[in-house]
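Peer 1:
Residue numbers (the working numbering), protein chains in the order written: chain A, 1 to 266; chain B, 1001 to 1266; chain C, 2001 to 2266; chain D, 3001 to 3266.
Spelled out as structure tokens, the structure:
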């Protein structure tokens, strides 16, 4: 009984207590992430180093208790442990304990930010979930095309990088093919740091051609995703319902495509 | 009588006097913004500092009089004061008075630029308003999706920034997680200042992956807004209905394409 | 007779002679532009300065003769002189003569590059013209929206620039509002030179917000033009012709919307 | 018989042996490209220079044997030699032999990366091929428009570059028209290295205008390709025709929406 009650609070969001639990948890996660961000800033670490250390451990112990609690009250503990949320919950406390033995990887505790995805559990769930699904659907539907596109892009980068390596002849920034490929990626994605720039005339001409091509290439993923989104939306337009079976027919239909009844308002 | 007359001039745009009033006001606002911009340039401030000071105060007094006038002639003064335009009108004069007591925030007077939105009141109003509405509609309809997208993006930035902070090990520009997040945002949005760039090989590989992913991610908001816009347009084309069956025909139709009835207004 | 013959050669493209004339002219223009580009490079000007000078004058005299010829053989000379092509032809020879009196503006002769638009006269004309028209149509149809969008963008730039000027407090690159506005434009368009970058923490936060917003804003013109293009295309799909009058009907039509005949293949 | 067997292994992918041959070849190519990339890095070349040299020659000899084998077992050797794959196979072994006589172009052996396109032969072929075709179709269908767009863009670059050359008056980076054109391309494509930036006020104003225009121009290729893609998709959905009236119904239809006939294969 007690365990069921706790389960509905810790895992559920339907009861008031469950919602409040999730809300408080969210605020704690947010506060914890903020502390990690601030702790990494040298000037603040120098002044408040000890306080940050204590707060950080406080949060970690709290989240550890929560993690153990979740395992205990879960009817199928292993299912939780190996679920997406279970793994996220675990790796968000490990780095602090890890930092007792090895230094340098302490900052990885910011992985905890992933737990903020919980926000969608409290907010108007159905609404946000359906929006996420629409987004995910579009990305999944364009998956194969994006992979084909990516393979071509990576191949082009290797070729362009090699060409620049040959042309620029080992000048600063172009002293190896991997460096030149890095430059090609920085250029074609229009990021353009400017830490590596072509010096020779031929190099400038080649990079100009690459930029203008990149300008057109940038259109491809946009097109892919736009088309999928508009298709998904078009399928979801409930404005042409059959008077008989309420099936959503495409515009211009004279007969319903599910029950064959004539559509009164075509 | 006098007050009504004034009201139609100051608030209205239907009469010739009302239009002229708005036009002159617009020119004054534009001139005033230009003076503020020029005043902020050191070399011009050194030479014409006093002139700018006088002009600036001239404009402020003029706009103050206008503001008070608007309150007086308004039938419901408080409604104006707390309306969007009332607040804009107020905060566009406050900074100058404010600068009498505190220095440094004087430049905020450029908020006055917001008043330039008035331009849409004089120009072909209906046309521009409907275009703005179409834009606003598309943005509002994609609101939830954009928020979902933004939450994901911010979370990715935090994770990517942390990863780079760990990888680059406190090197220049990556000396704190917030700095690294700033770098991640600059990189993924393809702005790429180049003030912070990865130095290690692993850092360069991670940023290459981020750039190529960012290339695909940039497609998402474009897709969202394109789809909304095309949908709004499609929905808004109901301006050529058949007199017989009310089917929405394309412009230029002489007969309805569903029932064959002649269209009275083609 | 002679004049008519000349007219068909110089102005027309239907005869073989007319085509060849245009082709030779195009090659001359291209060569002339190349000479101007090369002449501007210091290292080549130093060596071949005199040769460039002579060639340049040769081209200018040749184009001047062509210009006068066009005026003479034109049935309505003034119509040609004040046409788009007439003005382009004139301003592509003026700078060389101009350079006799004033130095420094000589390079403006590169305006001659505009004459290269002639290329579309020789290439498969109809095809290219219709493609250009489709592009132009889309841009024109989105004209008002783009203007509304631009006014908002410019206003945002002024406000963002002012905010940064106040925040960064006259630091390097942010020493005047116009400079800060220039920075805001460089940042929001994702160009990101890196010649001016925020130094303060608050400045970095504000620019991060601006970049992410700019990421969404970049979607607006893309959406506008995509929608117009797809609409133009949709209207132009000749795949649903009426069997009676061959009018192109929208998909799903049962009756032709021009003659009212029943469509056999709906 | 032997030759036929070999042919099905080397050229085919339908048999198990053929698939394995292609898979092993792919791994060898990938390994070979990786070696080339690593060899170009100074610090690794210094240590493992000799090993890289031997491995590189090993791969080249292996690929040479494969190339000769392909010629021998091919029923029409010349057809293979002059095919796309034949040429790629050849130019991926030439640079190593070439490097015996001339140094400096050795890195061109990375052209071998092109052979990685073979990956699509092993992976779920039909699926990937149809996706590639969809991409290719969209690019080909927008070909003319993209060319028209490109000609305009190049012309604009020449004009903008010249204008900046005149305005900036031979300052650093703007010391020749070609350099200024390079700058214009870097700016308008939003790459923005920052190696060349305008110094004068007028230059900054002109580049601001260029950036905002570039912001709109970037929308054009995206629009072109999006429209083609959505059109291709729409055209390609003819997979659910009514057995009675051959109308293309949406997937999941039980009755045709035009004639009301029952659909045999829903």
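Beta carbons are placed, not taken as given, at the ideal position from N, Cα and C, and that holds for glycine.
1. My understanding is that residue 1164/B touches residue 1185/B, with C-beta atoms under 8 Å, so please give their C-beta distance in whole angstroms.
2. Spell out whether any CB of chain B is found under 8 Å from the CB atom of residue 2239/C.
3. Which residues in the same chain have their Cβ closer than 7 Å to the Cβ of residue 3045/D, if we skip the five residues on either side of it in sequence?
4. Are the C-beta atoms of residue 212/A and some chain D residue less than 8 Å apart?
5. At a cut of 8 Å, does the stretch 2195-2213 of chain C reach the stretch 1071-1080 of chain B through at least three beta carbon pairs?
6. So which residues of chain A does residue 3163/D contact, with C-beta pairs closer than 9 Å?
7. Taking buried to mean at least 16 other C-beta atoms within 10 Å of its own C-beta, is residue 2198/C buried or exposed?
8. Expressed to the nearest angstrom, what Euclidean distance is found between the alpha-carbon atoms of residue 1267/B and residue 1043/B?
9. Compare the C-alpha of residue 3070/D against each of 3035/D, 3004/D, 3048/D and 3057/D and name the closest.
10. Beta-carbon of residue 1178/B versus every beta-carbon of chain A: anything under 8 Å?
11. Measure the C-alpha to C-alpha separation of residue 267/A and residue 1192/B and round it to an integer number of angstroms.
12. Any C-beta of chain B sitting closer than 8 Å to the C-beta of residue 2138/C?
13. So what does DSSP say about residue 3095/D, is it helix, strand or coil?
14. Cα separation between residue 142/A and residue 2141/C?
15. Taking residue 62/A as part of the alpha helix (DSSP H), name the residues at either end of that continuous run.
16. Here's the rule: buried if 16 or more other CB atoms are within 10 angstroms of the residue's CB, otherwise exposed. What is residue 136/A?
17. By the 10 Å Cβ neighbour count, where 16 or more other Cβ atoms means buried, how is residue 2031/C classified, buried or exposed?
18. Please report the distance separating the alpha-carbon of residue 1239/B from that of residue 2224/C.
19. Between residue 2295/C and the rest of its own chain, which residues show a CB-CB distance below 7 Å, the 5 nearest in sequence each way excluded?
20. Under 9 Å, CB to CB, which of the residues in the stretch 1185-1199 of chain B have a partner in chain D?
21. So, are the CB atoms of residue 1226/B and residue 2208/C less than 8 Å apart?
22. Count the other C-beta atoms from every protein chain shown that fall within 10 angstroms of the C-beta of residue 3125/D, then say buried if there are 16 or more, exposed otherwise.
23. Please classify residue 9/A: does DSSP put it in a helix, a strand, or coil?
24. Residue 2226/C versus chain A: which residues are under 8 Å apart at the beta carbon?
25. Classify residue 24/A as buried or exposed, calling it buried when 16 or more other Cβ atoms lie within 10 Å of its own Cβ.
26. Using alpha carbons as the reference points, say which of 230/A, 19/A and 153/A lies closest to residue 220/A.
27. At what residues does the alpha helix (DSSP H) containing residue 2032/C begin and finish?
28. With burial defined as no fewer than 16 other Cβ atoms inside 10 Å of the residue's Cβ, what is the status of residue 2147/C: buried or exposed?
29. In chain order, what residues of the same chain lie with their CB nearer than 7 Å to the CB of residue 1167/B, ignoring the 5 residues before and after it?
30. Give me the residue from 3056/D, 3145/D and 3171/D with the minimum Cα distance to residue 3092/D.
31. Helix, strand or coil for residue 2200/C, going by three-state DSSP, please let me know.
32. Which value, in whole angstroms, describes the spacing of the CA atoms of residue 2109/C and residue 1047/B?
33. Of all the CB atoms in chain F, is at least one closer than 8 Å to the CB of residue 26/A?
34. When burial is assigned at 16 or more other CB atoms within 10 Å of the CB, is residue 3237/D buried or exposed?
35. Pop quiz: residue 3180/D and residue 3161/D are said to be a contact at Cβ under 8 Å. What is the actual Cβ separation, rounded to whole angstroms?
Peer 2: Per the coordinate set shown:
1. Their Cβ separation, rounded to whole angstroms, is 12 Å, which puts residue 1164/B and residue 1185/B out of contact at 8 Å.
2. The predicted position of residue 2239/C is uncertain, since its pLDDT is 45 and thus under 50; a value taken from the coordinates is nonetheless stated next. No - not a single Cβ of chain B is within 8 Å of the one on residue 2239/C.
3. Listed in chain order, the non-local C-beta contacts of residue 3045/D below 7 Å within the same chain comprise 3039 and 3052, local neighbours out to five positions each way being set aside.
4. Residue contact with chain D for residue 212/A: present (Cβ-Cβ distance below 8 Å to some residue of chain D).
5. Contact between the stretch 2195-2213 of chain C and the stretch 1071-1080 of chain B is absent, because fewer than three Cβ pairs lie under 8 Å.
6. Neighbours of residue 3163/D in chain A, taken as residues at a C-beta separation under 9 Å, are lacking, since the least C-beta distance is about 18 Å.
7. Burial call: buried.
8. Outside the displayed range of chain B (1001 to 1266) lies residue 1267/B, so it cannot be described from this structure.
9. Checking every option, the nearest Cα to that of residue 3070/D belongs to 3004/D.
10. With 8 Å as the cut-off, residue 1178/B counts as an interface residue toward chain A.
11. Beyond the ends of chain A as shown, which are 1 and 266, falls residue 267/A; an answer cannot be given.
12. Chain B contact via Cβ: absent.
13. Looking at residue 3095/D - three-state DSSP - the assignment turns out to be helix.
14. Distance between the alpha carbons of residue 142/A and residue 2141/C is about 30 Å.
15. Run containing residue 62/A: 42-73, per the alpha helix (DSSP H) assignment.
16. Residue 136/A comes out exposed.
17. So residue 2031/C counts as exposed.
18. Unreliable positioning characterises residue 1239/B in this predicted model, as indicated by a pLDDT of 46, which lies under 50. The coordinate reading is nonetheless provided below. Their Cα atoms are separated by approximately 21 Å.
19. Nothing in the structure corresponds to residue 2295/C, since chain C is present only between 2001 and 2266.
20. For the stretch 1185-1199 of chain B, residues whose beta-carbon sits nearer than 9 Å to a beta-carbon of chain D comprise 1190, 1191, 1192, 1193 and 1194.
21. Taking a C-beta distance under 8 Å as the contact criterion, residue 1226/B and residue 2208/C do not qualify as a contact pair.
22. Unreliable placement is indicated for residue 3125/D, whose pLDDT of 49 sits below 50; the coordinate value is still reported in the next sentence. With fewer than 16 Cβ atoms within 10 Å of its Cβ, residue 3125/D is classed as exposed.
23. The answer is helix: DSSP assigns residue 9/A an H, G or I state.
24. The CB of residue 2226/C comes closer than 8 Å to the CB of 226 in chain A, given here in chain order.
25. With fewer than 16 Cβ atoms within 10 Å of its Cβ, residue 24/A is classed as exposed.
26. With distances taken between Cα atoms, residue 220/A lies closest to 153/A.
27. Note, residue 2032/C: alpha helix (DSSP H), 2016-2039.
28. With fewer than 16 other Cβ atoms within 10 Å, it is exposed.
29. These residues qualify, in order along the chain: 1200, 1202, 1203 and 1206.
30. Minimum Cα distance to residue 3092/D is reached at 3056/D.
31. Coil at residue 2200/C, not helix or strand.
32. When rounded, the separation of the alpha-carbon atoms in residue 2109/C and residue 1047/B is 37 Å.
33. Reference to chain F is not applicable here, since the protein chains of this structure are A, B, C and D.
34. In this prediction, residue 3237/D has a pLDDT of 41, which is less than 50 and means its spatial position is unreliable; what the coordinates show is noted afterwards. That one is exposed.
35. Right, the Cβ-Cβ distance comes to about 4 Å (below 8 Å), so this counts as a contact.
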